[in-house]
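By the working numbering, the letter at position 72 of the sequence shown is numbered 72, and the numbering carries on one by one without gaps.
Scroll down for the structure; my scribbles are underneath it.
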Amino acid sequence: MSDASRALVDAVAAAIGRETGRAFGHATVQRLSGGDINAAYALTGADGRQYFVKCNAAARLAMFEAEAAGLEELAQATLLRVPRPIAVTTCDDTAFIVLEHVTLSRPTRLAMTQLGEGLAELHGIVATRHGWDRDNTLGETAQHNTSHADWVEFWRENRLAVMLDALAPAHPGLARDGDRLLAALPDLLAGHTPEASLLHGDLWGGNAGMDDQGRPVIFDPAVYYGDRETDLAMTELFGGFTPEFYEAYWGAWPMRPGYREIRRPLYQLHHLLNHARLFGGGYAGQAQRVVRELLARV
């Protein structure tokens with residue numbers, strides 16, 4: 001907000017005071033780099049309190065409301081630190097979310113072990129159906145969480161089909177192969193009936209870190225309940241997680257047959273399709289190769 005209006009800065013400070021019960025006199029505002037979707041700032045008060053603030057257009061208020069709800073859902077896990085949402089509201093044409101400020105660094109080997117243990121604990125929190133009680137976003141993409149009792153149906157309708165439909169005009173070949181994959185899902189996932197575990201939903205290396213006490217932190221979620229292996233597949237898509245992480249996680253939840261050969265690429269496909277929508281480039285071609293490799297296993 002160093003480049004934002006004084007009215008917006010005042011609105012954020014007022015929201016902090018209202019939600020915390022302590023007046024917040026802001027002292028400094030620092031623009032932070034690295035955000036692809038939102039403008040991000042560190043706001044430090046005269047009393048030393050510090051908060052992390054993300055801003056976007058007022059029309060994106062629901063995105064921030066869902067993020068806050070997702071962080072509160074993830075906070076059920078006791079072994080992981082999850083930034084606490086403070087306030088979500090608007091000021092004129094701007095929506096913003098205020099979070100507790102967490103000083104982040106690259107996790108040590110010990111923190112990676114604890115991250116694996118914490119994710120295993122998170123996945124032990126289960127629901128009766130796959131999905132969630134609200135929709136949210138995966139990056140900037142709308143994520144539909146309508147609940148289903150059947151995991152195959154949820155993954156087909158709420159994850160793959162919506163992505164393939166959106167990509168069809170620009171990538172008709174991918175869409176045709178994708179339709180065949182959708183029809184083949186009952187065969188590919190035959191006998192696989194996972195519990196509906198609480199998921200981060202977008203667990204790549206950029207959404208995990210370590211705080212100044214050495215505790216693992218997760219943030220920027222796309223929360224829903226589903227197959228816990230989807231989180232694991234995402235950690236393996238872009239890297240950034242060490243052997244200690246996987247040893248700790250698989251030690252708590254032993255790997256099930258078919259994960260590496262079928263379900264890992266199937267679950268990674270969802271994120272490849274999303275990246276094709278958001279960034280273009282070679283992601284559509286990579287996704288189509290994965291689709292064809294999976295079809296070859298039917």
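Note that the Cβ used here is the ideal one computed from N, Cα and C, for glycine as well.
- [ ] Report the option in Asp-93, Thr-90 and Glu-72 whose CA atom is closest to the CA atom of Arg-84.
- [x] Here the question's residue 84 lines up with position 84 in the sequence shown. Looking from the CA of Arg-84, the closest CA among Asp-93, Thr-90 and Glu-72 belongs to Glu-72.
Task: Heavy atom of the ligand PLP within 7 Å of Arg-289 beta-carbon - done: As presented, the structure is devoid of all ligands, the ligand PLP included, so that no description of it is given.
TODO: Return the chain-ordered list of same chain residues with a C-beta closer than 8 Å to the C-beta of Leu-74, the five sequence neighbours on each side being excluded.
DONE: Counting from one through the sequence shown, the residue named residue 74 turns up at place 74. Here the set comprises Leu-80, Val-82, Leu-122, Leu-198, His-200, Ile-218, Pro-221 and Val-223.
Task: Collapsed DSSP secondary structure at Met-311 in the structure displayed - done: Residue 311 lies beyond the residue range present for the chain, which begins at 1 and ends at 298; the question has no answer from this structure.
Open item on the list: Going by DSSP in three states, Ser-2 sits in which element: helix, strand or coil?
Closed with: Position 2 of the sequence shown, counted from the first residue, corresponds to residue 2. At Ser-2, the pLDDT of 47 sits below 50, so the modelled position is not reliable; the number obtained from the coordinates is stated separately. It is coil, neither helix nor strand.
Open item on the list: Can you look up Glu-140 in the DSSP assignment and give me helix, strand or coil?
Closed with: Working through the sequence shown from its first residue, we reach residue 140 at position 140. In the structure shown, the three-state DSSP call for Glu-140 is coil.
Open item on the list: Can you list, in chain order, the residues of its chain with a C-beta nearer than 7 Å to that of Ala-166? Leave out the 5 residues immediately preceding and following it.
Closed with: Residue mapping note: residue 166 aligns to position 166 of the sequence shown, counting from 1. Correct list, in chain order: Arg-277.
- [ ] Excluding the 5 residues preceding and the 5 following Phe-24 in the sequence, name in chain order all residues of the same chain whose CB lies nearer than 6 Å to its CB.
- [x] For this step, residue 24 is matched to residue 24 along the sequence shown. Contacts found: Ala-13, Ile-16, Gly-17 and Gly-45.
Task: CB of Ala-57 within 8 Å of CB of Thr-94, strictly - done: The residue given as residue 57 occupies position 57 in the sequence shown. The residue given as residue 94 occupies position 94 in the sequence shown. Yes. Within cutoff.
- [ ] Sort Ala-296, Glu-247 and Tyr-246 by Cα distance to Glu-261 and report the nearest one.
- [x] By 1-based counting over the sequence shown, the position of residue 261 is 261. Checked all of Ala-296, Glu-247 and Tyr-246; the closest Cα to Glu-261 is Ala-296.
- [ ] Inspect the beta-carbon positions of Glu-100 and Tyr-51 and report whether they are closer than 8 Å.
- [x] Taking the sequence shown and counting its residues from 1, one reaches residue 100 at position 100. Taking the sequence shown and counting its residues from 1, one reaches residue 51 at position 51. Yes, Cβ-Cβ distance for Glu-100 and Tyr-51 is below 8 Å.
Task: Within 8 Å, strictly: CB atoms of Thr-193 and Trp-155 - done: The count along the sequence shown starts at 1 and reaches residue 193 at position 193. The count along the sequence shown starts at 1 and reaches residue 155 at position 155. In this structure, Trp-155 does not lie closer than 8 Å to Thr-193 by Cβ.
TODO: Figure out for me which residue from Thr-90, Leu-189, Arg-106 and Glu-195 has the closest Cα to the Cα of Arg-129.
DONE: The sequence position of residue 129 within the sequence shown is 129, counting from 1. Its Cα nearest to that of Arg-129, the residue Glu-195 stands out among Thr-90, Leu-189, Arg-106 and Glu-195.
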